[in-house]
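Numbering (this note's numbering), first residue to last: 67 to 368.
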């Protein structure tokens, strides 16, 4: 079978639409459609059920997709090994991270990595859901939660603390709490929601801190489904919010409330596929992350 056609079919099956495949491959939608039709003609089978909501695999299509996924993974590993056979780390490096951790903490520090390794092209895949590293959807991940996939290498990168923050305008309007009891005296709170989708355990600890176990939680004036959005709501003066320090310390416009009050800590991990354990690009970025995390923790402690 023609690999180009098989690759196009795999992209369409993975995306569930011709449009998604076209975006992934950098082709026109009509070109994707032609290649899939040609493959169906060559095999004399129907690979997709086409309907208004997208593409559904037929049973033969599902079998071919499983085989094509194995081939795509092997090709990706081969490409990585070829790139890493050169004297200096070079080629594309796909990095995935949650939106807030990636956009607020990681991106400002990537310029230094690019200066150290100018031949590595960085590709950021920021998402609050877990990409399939075992399936090589990305080369390396930074995550504030342990991996749920097998066949991955996982290393603890750093421990992150959380604290209460608010905007100066909010504190000028409502007053600055001096004790935990003051939090229940007319203050408003920002929360993560839906709670069951929170990427970090106890992300809404600001609603219960200072309360006896089992006591009702403080109501939230606004909920947001990303930590970055929670930070923006805090900046806008909606209320008090518990935020990870990697978010809040990058924002000098926020004021730490009750400085002696600590929220729950959590660990951040660097994760990559077992197949890329010997990759120079992955090793270079992992070492950079370790050094960067140590430097940031030292700055945060000052």
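Glycine included, C-beta positions come from ideal geometry on N, C-alpha and C.
- Taking C-alpha positions only, residue 342 is separated from residue 163 by approximately 18 Å.
- Proximity to residue 217 across 134, 191, 360, 337 peaks at 337, based on C-alpha coordinates.
- Taking 8 Å as the cut-off, the Cβ atoms of residue 311 and residue 227 count as close.
- Here residue 162 carries a strand assignment [DSSP, helix/strand/coil].
- Under the DSSP definition of a beta bridge, residue 192 partners with 163.
- Listed in chain order, the beta strand (DSSP E) elements of length 3 or more contained wholly in the segment 224 to 296 are 228 to 232, 256 to 258, 288 to 290.
- The distance from the Cβ of residue 362 to that of residue 308 is about 20 Å, inconsistent with a contact at the 8 Å cut-off.
- The Cβ-Cβ distance between residue 323 and residue 293 does not fall below 8 Å.
- At the C-beta level, residue 232 and residue 187 stay beyond 8 Å of one another.
- Nearest Cα to residue 118 within the set 84, 224, 205, 101: 84.
- Taken atom to atom, the span from the alpha-carbon of residue 95 to that of residue 192 is near 25 Å.
- Shown here for residue 234: same chain residues with a beta carbon closer than 7 Å to its own, the five before and five after excluded, namely 321 in chain order.
- With 16 or more other CB atoms across the displayed protein chains lying within 10 angstroms of its CB, residue 253 is buried.
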